[in-house]
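Residues 65 to 606 in the working numbering are what the sequence shown spells out, letter by letter. Scroll down for the structure; my scribbles are underneath it.
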Amino acid sequence: MEEAHPIDIEGLDEAAVAAAREQYGKNQLIFKKENRVLDAIISIAKEPMVALLLAASVLYFISGETGDGLFLAGAIILVSIISLYQDARSRDALEKLKQYAKPDCTLIRNGERIQLPAEEIVVGDFLIAEEGTSIAADGIIVRSNDFSVNESILTGEAFAVFKDKDSEDPKVYLGTNVVSGLAIVQVTDIGNATRLGKIGKSLEDIKSEKTPLEIKINDFVKKMVIAGSVVFLIVWGINYFKSHDILDSLLKALTLAMSILPEEIPVAFTTFMALGAWRLMKMGIVVKQMKTVETLGSATVICIDKTGTITENKMSVAGLFLRGEKEAFGLEDPLNELRLELLSTAMWASEPIPFDPMETALHQAYKKLAPQDLRSRYRMIHEYPLGGKPPLMTHIYTGDNRERVIAAKGAPEAFLQLCKLPAEEITDINTQLNRFTHKGYRVLGVAKAAFTGEVFPENQENFSFQFLGLVAFNDPPKQNITQVLQDFYRAGIDVKIITGDNRETTAAIAAEIGLQGRENQITGAELMEMDDATLQEKVMEL
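This is how it looks when you write it as structure tokens:
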């Protein structure tokens, strides 16, 4: 695969951009307008707890107990004011957040890379999609390097999908996330014409489901209303049969029926949820609905990723191990020719336009330590994307003097399988690998190969690799992550790490941040072999 580089793509000029915007409009999702205040009032009126309070208040007024009626009416007004204010604040905050969170995207126009807000994209633009970014419009891939995208928002499939221009579906879609690699995409649809926009329009009339608490309260209210109505009719009938006084019988029946209606419970429920939402907002948390408090209160387990969630996702080269040596060395140590070759080969095995934090760290280390920066003198002529079990990737470059570089990096275990190494060296490599992983480092193996032909092997595993050594990367935990974990534990919430990292690396990071239950781990391979019942049982033990 050729190197994906935007230099030879001109993109749209200003006239073409203006014409496309005139024809297709801005890249915005536009849905039907709603009357926010009216919707909020109707939503409050539909709440079963509020309806019960209102019914109880009316009955108190009818029975002549004005004080109790005023008290309940005041409770309704207070809860409604809190709810309306909280809803207004939430809507305003969400609107501001939408404006603030509108992502900038990288486009190619007039032969240059430029950063623009996503809404400025027009049909025909060339969009550069990089790892960690969201796709801002629908489009078709024209160039790519190790490009994979998570389309779970559209398909529900949790695994990333690798795509290129020759794939069965070479398109990318608005709202999906780039998991790895880089691609240049020509935009075909924007706004409501995108697949996500069409889904959004189709969902406009779908009503949100009630929460478990709302269902229980609804059921409870119905039962109490039925019971109160039955008691009311029975008592009214008996008293009227005895006294033949309609008003006196009505008041006695209402008084007894009121004793059945637990008006204090809905007051407590509604008030607590409103105050909970208020408190979250005071802490800077956007709360769209009061029911959010219930949802948060129901959480018992939180599953998190390691890289970028627990850690800072800021990789740096922490150490290198050269085959044949007994100890690792750092970037501050003297670099002889072999050590420099290890670092250089790891850099050549990375993307020419680095997007992965580890590859960025390798480029930075090479630029800092190499006596001469040779990157501009070489161009990539062939690429084997990340693949295999264990995975590795290989890049082939040719220089100005037609010198060839074949560089590979990946899981150390992959090279231990492919390279014919003496048993003693394998022992030394595994020993150093364990040292790195026990420090919480992520580790890559590095190898080179020689090949003189012009028709490259179909599979990268067919090269005769020469193992060079290991490169370790440090991704430190975030400074406040230990305190965050302790807050979860005090709230009675368990925290689980789900990551694709090495078991020892994950264990080291978990120990550093004080994660509970870190001694119990399962790997992805072990998980895939479990049936549902075994997995359910095992998960409860973690």
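We treat Cβ as the ideally placed atom computed from N, Cα and C, and that holds for glycine.
Same chain only: Cβ atoms within 6 Å of residue i, ignoring 5 sequence neighbours per side
| i | result |
| --- | --- |
| Leu277 | Glu358 |
| Thr462 | Ile445 and Arg468 |
| Phe125 | Gly133 |
| Gly340 | Val357 |
Cβ pair residue i, residue j closer than 8 Å
| i | j | result |
| --- | --- | --- |
| Ala182 | Leu246 | no |
| Gly533 | Arg387 | yes |
| Asp253 | Val294 | no |
| Val242 | Glu195 | yes |
| Ala475 | Leu497 | no |
| Asp189 | Leu218 | no |
| Ser198 | Gly239 | yes |
| Ile374 | Ile545 | yes |
| Ala511 | Phe500 | no |
| Asn91 | Ala224 | no |
| Glu477 | Asp210 | no |
| Leu407 | Ala429 | yes |
| Ile470 | Ala513 | yes |
Residues near residue i in its chain [Cβ-Cβ closer than 7 Å; skip 5 each side]
| i | result |
| --- | --- |
| Glu576 | Gly504 and Pro541 |
| Ala425 | Met379, Ser380, Val381 and Phe537 |
| Gly131 | none |
| Ile204 | Pro234, Lys235, Val249, Gln250 and Thr252 |
| Ile178 | Leu171 |
| Tyr448 | Met457, Thr458 and Gln524 |
| Leu485 | Phe531 |
| Leu482 | Glu525 and Phe529 |
| Met594 | Lys602 |
| Glu590 | none |
Nearest-angstrom Cβ-Cβ length linking residue i and residue j, presumed shorter than 8 Å
| i | j | result |
| --- | --- | --- |
| Lys647 | Ser208 | As shown, the chain starts at 65 and ends at 606. That puts residue 647 outside it, with no answer to give. |
| Glu568 | His502 | 6 Å |
| Ile557 | Thr364 | 6 Å |
| Val507 | Ala410 | Going by Cβ atoms, the distance from Val507 to Ala410 rounds to 11 Å, so no, they are not a contact pair. |
| Gln250 | Val206 | 5 Å |
| Gly509 | Phe527 | The Cβ separation is near 14 Å, so there is no contact. |
| Asp539 | Thr371 | 6 Å |
Simplified DSSP state of residue i, which is helix, strand or coil
| i | result |
| --- | --- |
| Ala224 | coil |
| Ala137 | helix |
| Met457 | strand |
| Ser212 | strand |
| His502 | helix |
| Leu161 | Because Leu161 sits at a pLDDT of 48, beneath the cut-off of 50, its placement in the model cannot be relied upon, and the following sentence gives the value as read from the coordinates. In the structure shown, Leu161 sits in a helix (DSSP, three-state: H, G or I). |
| Ser231 | coil |
| Pro181 | strand |
| Ile417 | coil |
| His446 | strand |
| Ile380 | Strictly speaking, residue 380 in this sequence is Ser, with Ile absent from that position. DSSP places Ser380 in strand when its eight states are reduced to three. |
| Arg441 | helix |
| Gln600 | helix |
| Pro276 | helix |
| Leu591 | helix |
| Leu482 | helix |
| Asn526 | helix |
| Ala68 | Confidence at Ala68 is low in this model, with a pLDDT of 39, below 50, so its placement is unreliable and no value can be given for it. |
| Phe520 | coil |
| Val81 | helix |
Cβ of residue i within 8 Å of any chain B Cβ
| i | result |
| --- | --- |
| Glu467 | Within the model displayed, chain B is absent; a lone protein chain is all it includes. |
Cβ-based burial, residue i [other Cβ within 10 Å; buried from 16]
| i | result |
| --- | --- |
| Phe479 | buried |
| Asn174 | exposed |
| Pro521 | exposed |
| Pro614 | The requested residue 614 does not occur in the structure, where the chain is confined to residues 65 to 606. |
| Leu384 | buried |
| Arg403 | buried |
| Ser121 | buried |
| Met592 | exposed |
| Asn303 | buried |
| Gln547 | exposed |
| Pro421 | buried |
| Met347 | exposed |
| Thr598 | exposed |
| Phe305 | exposed |
| Leu292 | Strictly speaking, residue 292 in this sequence is Gly, with Leu absent from that position. By the 10 Å Cβ count, Gly292 comes out buried. |
| Met604 | exposed |
Residues of its chain near residue i, where Cβ-Cβ distance is below 8 Å and the 5 sequence neighbours each way are ignored
| i | result |
| --- | --- |
| Asp369 | Ile561, Ile562 and Thr563 |
| Lys262 | Asn256 |
| Tyr164 | Here the model assigns Tyr164 a pLDDT of 45, short of 50, so the residue's position is not dependable and the matter cannot be decided. |
| Arg85 | Val186 |
| Asp309 | Asn303 |
| Asp168 | Gln179, Leu180, Pro181 and Ala182 |
Residue i: CB within 7 Å of a non-hydrogen atom of the ligand FAD
| i | result |
| --- | --- |
| Thr546 | You won't find the ligand FAD in this model; it holds no ligand whatsoever. |
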